[in-house]
Amino acid sequence: MHARKKGKSRSVKPVREEVPEWVSYTKDEVVELVLKLASAGNSPSKIGLVLRDQYGIPDVQFMTGDKITELLKKNNAGLSIPEDLYSLIKKAVQLRDHLKVHKKDLHNKRGLLLIESKIKRLGKYYARKKKLPLGWRYDPEAAKLMV
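Taking numbering that gives the first Met the number 0, the leading residue of the sequence shown gets 0, the next gets one more, and so forth.
Encoded structure:
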């Protein structure tokens, strides 16, 4: 929104009918791996990368029928707020710490404004979709404690 980029142009996964023969894991083993990686403190996107790169599991949703976040939610191991919102809040906290040291860094002051406006927009969206409580508001001091 704030960058001069155009974004990805509709990238689509290849269509599969069945699990590839080179995958040696069953559905239960994949779910167990997802829960083990989540208990180690990994985010859902990091879990997907580890499963792809280290275990050779191409797509968790295709193997189990559920996305990683749905698996974590079913087993009460998910994040309290959505992952994209959490990463933006983390970035804003780091930028605030940077600006305490470098007070005249105007480029990053503007970047902080853009990040925080993005956080507020996402917060309103997730409150509408009932993934966050209705009265949820972004507070920089509370965010520092959360991260």
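Think of the CB as a built atom: it goes at the ideal place given N, C-alpha and C, for glycine as much as any other residue.
Nearest-angstrom Cα separation, counted from valine 29 out to glutamate 16: Here residue 16 is taken as the residue at index 17 of the sequence shown, counted from 1. Here residue 29 is taken as the residue at index 30 of the sequence shown, counted from 1. As the crow flies, the alpha-carbon of glutamate 16 is around 19 Å from that of valine 29.
Can you tell me where the alpha helix (DSSP H) with lysine 128 in it begins and where it stops? By one-based count along the sequence shown, residue 128 stands at place 129. Careful: lysine 128 lies outside any alpha helix (DSSP H) and carries neither H nor E.
Taking glutamine 53 as the reference, give the member of Val33, Leu70, Leu133 with the closest Cα. Taking the sequence shown and counting its residues from 1, the one referred to as residue 53 is at position 54. It is Val33.
Check asparagine 107 in the structure and name its three-state DSSP category. As a working mapping, residue 107 is identified with position 108 in the sequence shown. If DSSP states are grouped into helix, strand and coil, asparagine 107 belongs with the helices.
Distance check for asparagine 107 and aspartate 83, CA to CA, integer angstroms please. Sequence index remark: in the sequence shown, residue 83 carries index 84 (1-based). Sequence index remark: in the sequence shown, residue 107 carries index 108 (1-based). If you draw a straight line from the Cα of aspartate 83 to the Cα of asparagine 107, it comes to about 20 Å.
Span separating the alpha-carbon of lysine 89 from that of glutamate 31: The residue given as residue 89 occupies position 90 in the sequence shown. The residue given as residue 31 occupies position 32 in the sequence shown. C-alpha of lysine 89 to C-alpha of glutamate 31: approximately 28 Å in a straight line.
Own chain, CB closer than 8 Å to glycine 122, minus 5 neighbours either side, in chain order: In the sequence shown, the residue the question calls residue 122 occupies position 123. Excluding sequence neighbours, glycine 122 sits near Leu84, Leu131, Trp135, Arg136, Tyr137.
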